[in-house]
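One structure is given below, encoded as structure tokens.
2 protein chains.
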Amino acid sequence: MLSPLTISLDAMGGDAGPEMVIPGAAVALERRPDLSFILYGQESEVKPLLDRHPSVARAARFVHCDVAVRMDDKPSQALRVGRWKSSMWRSIQAVRDGEAHVAVSAGNTGALMAMSKFCLKTPPGIERPAIAAMWPTLRGESIVLDVGATIGSDARMLVHFAVMGAAMARALFGLERPTVGLLNIGAEEVKGVEEVREAGHILRELDHPNFHYHGFVEGDDLGKGTVDVVVTEGFAGNIALKTAEGTARQISEYLRSAMTRTLAAKVGYFFARSAFQRLREKMDPRKVNGGLFLGLNGLVVKSHGGTDAEGFASAVELGREMVLGDLTRQIASDLRYTFGDGETSGASAEAAPA
Amino acid sequence: MLSPLTISLDAMGGDAGPEMVIPGAAVALERRPDLSFILYGQESEVKPLLDRHPSVARAARFVHCDVAVRMDDKPSQALRVGRWKSSMWRSIQAVRDGEAHVAVSAGNTGALMAMSKFCLKTPPGIERPAIAAMWPTLRGESIVLDVGATIGSDARMLVHFAVMGAAMARALFGLERPTVGLLNIGAEEVKGVEEVREAGHILRELDHPNFHYHGFVEGDDLGKGTVDVVVTEGFAGNIALKTAEGTARQISEYLRSAMTRTLAAKVGYFFARSAFQRLREKMDPRKVNGGLFLGLNGLVVKSHGGTDAEGFASAVELGREMVLGDLTRQIASDLRYTFGDGETSGASAEAAPA
């Protein structure tokens, strides 16, 4: 029987593989003792780590897999080599087969998305899944999607993203009617691209009971937290995400260099060290680690490949929240409202890549 | 006769208009006494300010204009009302007529671009001008273009941007052969959009003597300063720019709040105040104020509308550097090399918007 919160883990994913995943599962268990795991991976690598983390061993069932998808495998290559048998595939399949509520992998994004689409398929009406990221803001956190799964979305896809992102915000933030904005650029007579304007018209007319469409937002609204959900196509979304990460690192570097330059600065740093600690925590990318794949018949969370145990635990917790929020069912119901039964029951016999 | 460095100023541009522009000209003159100005604006507003800034009055010729383009005018509206006679138009016309070397305006971006295209036209072979922004990096500064003039550029346009941005880097940074990267997203099998990949092929084959094509860069390479020139189409470029600005403001806010929370933090701040001052200077957006319009038969600099005198002076200085670097001629020659005489002598009878 499926225990209340079972998470399937691709133990081989990430730059450090099981060395990061198993300790990450241990951190997640400390914070959320209600979790249980199914671990997929290479026995020779995983077993010694389970001996060192008995809490994980107790809460997990281990399944040996011969194949591990490499971080630099191309999606088509990963599908060819790793379908049916890799730890990544098996962790997703566990969700499909109802053995786990959500899969978490720190493996290669392209491969994970290709396998997730192939294994879980998209629900009726959805053409392409998106990756939703958590974005720290001055008001708390927002959700931004898509941050890289799709390139060049049409108006209909942007509307899907809005509906799915809003459902995620309801589940994650406990909001009745989160606000949704479309990422655009200002200053020009013709404001932004045609698809974005058309999506704006549709969302305005839709007047969805489960979210409030705010209108267009610009790049600087992301950090302000102007809206709970920011919708964009994946090229611009990925560039925005990486630009923000890069800017945060750049400023941290400026700060570090300024604070170690003079004796007075070092003294000041000493006094203010707890303030700096707070700042570091605020800016800690591990706290918002985890991109959720939206638009699949099942939940998959992608953890950053280079994260550590703390960061991986955040990705696991994100998956847990989505299970508790019954996200997959919520999205299906919101999409039905949005497009009616006629449309959502049509098509989407999406072909797998490869 | 045209004195060595004459800059035409739209005195009415910007949120504060002449109240910001005239003091800005005074700051620029203090730093660069070789400048002379032609000031276009409303006499009743500009004259009293010239009385208070005699240095500017001495270095400037004033030309009264009845019309001022408003910050919220649409480009077509601005052209209809302000062509031939507004302070914005006249400052650009001064460049066309050889009365000034470069025009600087803090007025509305869309209107300034529309008027610049209409008045100065694009050189042979260039379809659409771009806006190039200065980007502070860990290595110093980079140039990023386009940050919002074009939406959806084809491969040929991206190659133009690369050539023009590299010429700007040569003039501004004094580099023999600056490095150029194409902004893209990673992780996917099909790396980024078709246009970007095609532009990459062309740039690789071109192997231009005046710049080195580095390859693709991602959003986090912007802050690192991986390349001297980052090329992208305007939608993603504008979102990246505003996202970085927003992230910088967000972190400043975190820092301010952390440093004022406890007594120890305040004491620390007191000791480290010169370090914080350094940090503030590093992050001061006024120092990189000024977007250069590239791809016109003449130089136009757009200052941020909400900047102050310090920031406006930076935009004026950017214009001055471009004049000294003989940028317009350098770009013409680099484009001739790139596409040969045959291609550049063709077409580009670009129709004006409106």
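Going line by line, the protein sequences match chains X and D.
Numbering of the first sequence is given in the working numbering, commencing with residue 3 and proceeding in unit increments.
Numbering of the second sequence is given in the working numbering, commencing with residue 3 and proceeding in unit increments.
Every residue gets a Cβ at the ideal spot worked out from N, C-alpha and C, and that includes glycine.
Nothing here was measured: the structure is a model prediction, and the numbers come from that model.
X:H421 - containing beta strand (DSSP E), residue span | With chain X represented from 3 up to 356, any question about residue 421 of chain X goes unanswered, as that position is not in the structure.
Enumerate, from N- to C-terminal direction, the unbroken alpha helix (DSSP H) stretches of 4 or more residues contained entirely within the stretch 215–297 of chain D.
-> 221–226, 236–261, 265–273, 275–284
Relative to the C-alpha of X:A168, which residue among X:V229, X:P50, X:G194 is closest?
-> X:V229
First through last residue of the beta strand (DSSP E) which encompasses X:A102 = X:A102 -> no beta strand (DSSP E), and no H or E assigned at all.
Is the shortest distance between the beta-carbon of X:A18 and the beta-carbons of chain D less than 7 angstroms?
-> no
Report yes if the C-beta distance between D:N299 and D:A317 is below 7 angstroms; otherwise report no.
-> no
Using alpha carbons as the reference points, say which of X:Y271, X:L185, X:L174, X:E220 lies closest to X:L294.
-> X:L174
Can you give me, in chain order, the residues of the stretch 247–258 of chain D that have a beta carbon less than 9 angstroms from any beta carbon in chain X?
-> E247, G248, T249, A250, R251, Q252, I253, S254, E255, Y256, L257
Take the Cβ of X:H103 as the centre, count every other Cβ of all protein chains shown within 10 Å, and call the residue buried at 16 or more, exposed below.
-> buried
For the stretch 73–86 of chain D, enumerate the residues whose C-beta is nearer than 7 angstroms to any C-beta of chain X, in chain order.
-> K76, P77, S78
Would you call D:H55 buried or exposed, if buried means 16 or more other Cβ atoms sit within 10 Å of its Cβ?
-> buried
Does the stretch 33–52 of chain X come close enough to the stretch 77–87 of chain X that 3 or more CB-CB pairs lie under 8 angstroms?
-> no
In this structure, what does DSSP give as the bridge partners for D:V302?
-> D:A105, D:F295
Using a Cβ-Cβ cut-off of 6 angstroms (strictly less than) and excluding sequence neighbours within five positions of X:V303, which residues of its own chain qualify?
-> V106, G292, L294, A317, L320, G321
Please list the residues of the stretch 211–237 of chain X that have a C-beta atom closer than 8 angstroms to any C-beta atom in chain B, keeping them in chain order.
-> Annotation note: the requested chain B is absent from the structure, which comprises protein chains X and D.
What does DSSP give as the partner residues of X:M136 in its beta bridges?
-> X:I145
Does DSSP put D:V198 in a helix, a strand or coil?
-> helix
Name the DSSP beta bridge partners of X:F39, please?
-> X:I9, X:A62
Which of the residues in the stretch 115–126 of chain D, read from start to end, lie with their CB under 7 angstroms from any CB of chain X?
-> none
What residues in the stretch 314–336 of chain X bring their beta carbon closer than 7 angstroms to a beta carbon of chain D?
-> none
Over what stretch of residues does the alpha helix (DSSP H) that includes D:T181 continue unbroken?
-> From DSSP, D:T181 is part of no alpha helix (DSSP H) but of the beta strand (DSSP E) over 181–185.
Reduced DSSP category for X:S88 - H, G, I as helix; E, B as strand; rest coil = strand
With distances taken from CA atoms, which of D:V65, D:E196, D:D223, D:A238 is nearest D:L147?
-> D:A238
Ends of the alpha helix (DSSP H) at D:T111?
-> 111–122
Give a yes or no on whether the C-beta atoms belonging to X:I94 and X:S118 are separated by under 7 angstroms.
-> yes
Cross-chain neighbours of X:V290 in chain D, by beta carbon under 9 angstroms | Per Cβ cutoff of 9 angstroms: no residues; X:V290 is ~13 angstroms from chain D at best.
Go through its chain and collect everything with a Cβ distance to D:R72's Cβ below 6 angstroms, but skip five positions before and after it.
-> none
Is it a yes or a no for the stretch 256–271 of chain X touching the stretch 268–285 of chain D, going by three-plus beta-carbon pairs under 8 angstroms?
-> yes
What residue does the alpha helix (DSSP H) around D:V29 start on, and which one ends it?
-> 20–33
If we cut at 7 angstroms on Cβ distances, does D:A187 have a partner in chain X?
-> Per the sequence shown, the amino acid found at residue 187 of chain D is Ile instead of Ala. So, interface residue.
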